[in-house]
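Some notes on the structure that comes next.
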């Protein structure tokens, strides 16, 4: 293969991770730069390009061996190659940035761009748990709840590039929690890491139940704390996992009725809780599935190492360039 | 074009409609046979084939001019060409019938088969309101609530051929109505014609409110009665349309978050109520959409004549054969 490598870039609010990846999904070289030092997108893109050149040179890789660059970014639009109104990016708020076009012109290599969850789905299909699947749904349980939907081996983008916002489907219709998107009752408001911590605080504040979590300052409780308490058998924490898993399982049954995926694949911090979250998910999904799907839809954890997944996911986009 | 015609067949519990259609979506000849006279699928298929031959001959069309036959049937599976456990068909219950294969062998013309709602979506895309669309969702509001989802110009079938059961997503999570599928709180239990009639009976039985509907025997009230009462300004009937539209609008917002369609297209008896149902749908969908989609997703009524739609929808399948 003349061009045996791709570049994966994962852009977050504070940092951008950059890696050079081969067709086996091995990251040959990687580095990190700050993404919050520029208020101008052009300057940030320039520094990204410089970093790629240096990383390649330091690892004896020619730029001509790079088939393409895949970028995962908040609010990334695959159709247009743009980043739109990404308020978490210092150089992205309230603007439409033709990111792929600028970057491709600057470095002379094709660039494709999508949002983080779609990149995660591509990564799982190219190198991970979905290697032989053509229809699955990726759910990322992090600060928010993201989703990447794969139909017939391709990311579902919809008519405008923004399909797959399953974190913002409504799971509680009456008196639902306020979500950061402005709506109420979204799946994300309950089942993100933030949502789990919020569930814990709600129980601690509205009941007098004993819990290991009471040993922590209430405002600092994280989903990781809830997970650790659950692993020690804390009944409040266990209940929160059951509640979270119930919400996810009920929502998953509706997702199955939409696209009939072979599997739903989970990624993100919450998945470290293993069976604590998996059991109530599967139980409640099964309860809410049409009979024809019962026992037939897999729920799996991602097979990508969390530290590599962001780079691998973005890099997977670039193989098609 | 050597083979300028296709055949569309719509199979229901009592009758099967058969039509010969040209590329402009004109039905050149049509007829109806009973579908409940046989308990054996082979015999029914034989009589279908005879009927097609006679219909063609009577209209001076050669069988060799027929490009293919498209069949819409309850529980039709496109991938396998089978009808699976269709309890409403006398010759279909509890069995898997390789319908397309048998029929194609019997008549010597390629046969494709799908369920009714997918056929409706194909019909709308080929001849109706979705002629220039590649991403839309068809919702059929009849005895049940069916859906056909079009992604990139193709019906979404999922990993097993059964995707698009949006009538069985859950719209009421606590104390939801029992649905014919065995689950509770399904969209279909509230927004099908049957669901609307049930809403009317519930209000009449649990309140003493005045209503034109009280002039009718309560068990016989149909969605058409509710519609007629609403058009006369009956407040109970109007409220039922608002309630039904709210359920649909809320559900539609979640569907948009999944596949970001250009439009949602409505078909079936309930759509005759026009604005009575459209207004609350749009209002409640907009309320529940993420900001990025507000004001951008069309909700439309089908543009196919109800009497022709079933044949046209099924026939649309056959152009790709």
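Protein chains in written order, with my numbering: chain A, 1 to 321; chain B, 322 to 642. All C-beta atoms, glycine included, are put in the ideal place defined by N, C-alpha and C.
Asked	Found
CA nearest to the CA of residue 591/B, picked from 578/B, 580/B and 565/B	565/B
Buried or exposed by the 16-neighbour rule on C-beta atoms within 10 Å, applied to residue 530/B	exposed
Rounded straight-line distance, which links the Cα of residue 67/A to that of residue 302/A	26 Å
First through last residue of the alpha helix (DSSP H) which encompasses residue 405/B	First-last for residue 405/B: 403-405, but that is the beta strand (DSSP E), not the alpha helix (DSSP H).
Any C-beta of chain A under 8 Å from that of residue 503/B	yes
For residue 588/B, the three-state DSSP class (helix, strand or coil)	strand
Contact between the region 432-442 of chain B and the region 386-405 of chain B (3+ Cβ pairs under 8 Å)	yes
Environment of residue 383/B [buried if 16+ CB atoms lie within 10 Å]	exposed
Residue 305/A (DSSP reduced to helix, strand or coil)	coil
Assumed close pair residue 636/B, residue 328/B - CB separation to whole angstroms, cut-off 8 Å	6 Å
Below-8 Å beta-carbon distance, residue 194/A vs any chain B residue	no
Span separating the alpha-carbon of residue 229/A from that of residue 156/A	38 Å
Coarse secondary structure for residue 387/B, derived from DSSP in three states	strand
Nearest-angstrom Cβ-Cβ length linking residue 190/A and residue 218/A, presumed shorter than 8 Å	Between residue 218/A and residue 190/A the Cβ distance is about 19 Å, and since that is not below 8 Å, they are no contact.
Near-chain B residues of the region 254-269 of chain A (beta-carbon distance less than 9 Å), N- to C-terminal order	254, 255, 256, 257, 258, 259, 260, 261, 262 and 263
Beta-ladder partner(s) of residue 433/B, from DSSP	391/B
Closest by C-alpha distance to residue 498/B, when choosing among 484/B, 599/B and 516/B	516/B
Contact list for residue 453/B against chain A, beta-carbon separation under 9 Å	The contacting residues do not exist; residue 453/B stays about 11 Å from chain A at best.
Alpha carbon of residue 416/B to alpha carbon of residue 401/B, nearest angstrom	14 Å
Within 9 Å of chain B by C-beta, residues of the region 37-52 of chain A in sequence order	none
Identified DSSP bridge partners for residue 256/A	BP columns for residue 256/A are empty, so no partner.
Three-state class that DSSP yields for residue 596/B in the structure shown	helix
Where residue 643/B falls: helix, strand or coil (DSSP)	The structure shown does not extend to residue 643/B, since chain B spans only 322 to 642, so no value can be given for it.
Residue 504/B, buried or exposed, once every other Cβ within 10 Å from all chains shown has been counted against 16	buried
Cα-Cα separation between residue 573/B and residue 465/B, rounded to whole angstroms	16 Å
Between the CA atoms of residue 284/A and residue 235/A - distance to the nearest angstrom	20 Å
Touching by the beta-carbon criterion (3+ pairs, under 8 Å), the region 324-338 of chain B and the region 353-361 of chain B	yes
Contacts that residue 472/B makes with chain A (C-beta to C-beta distance below 7 Å)	151 and 156
CB-CB length for residue 322/A against residue 237/A, believed under 8 Å	Nothing can be reported for residue 322/A: it is not among the residues displayed for chain A, which extend from 1 to 321.
Contact set between residue 490/B and chain A, taken where Cβ atoms lie within less than 7 Å	254 and 257
Interfacial residues, the region 532-549 of chain B to chain A, with Cβ spacing under 8 Å	none
Minimum C-alpha distance to residue 621/B - residue among 502/B, 514/B, 457/B and 575/B	457/B
Residue 277/A versus residue 10/A - alpha carbon distance	27 Å
Residue 609/B: contacting residues in chain A (beta-carbon distance under 7 Å)	170 and 183
Local Cβ density within 10 Å of residue 126/A, reported as buried at 16 or more and exposed below that	buried
Residue interval of the beta strand (DSSP E) (run including residue 351/B)	348-355
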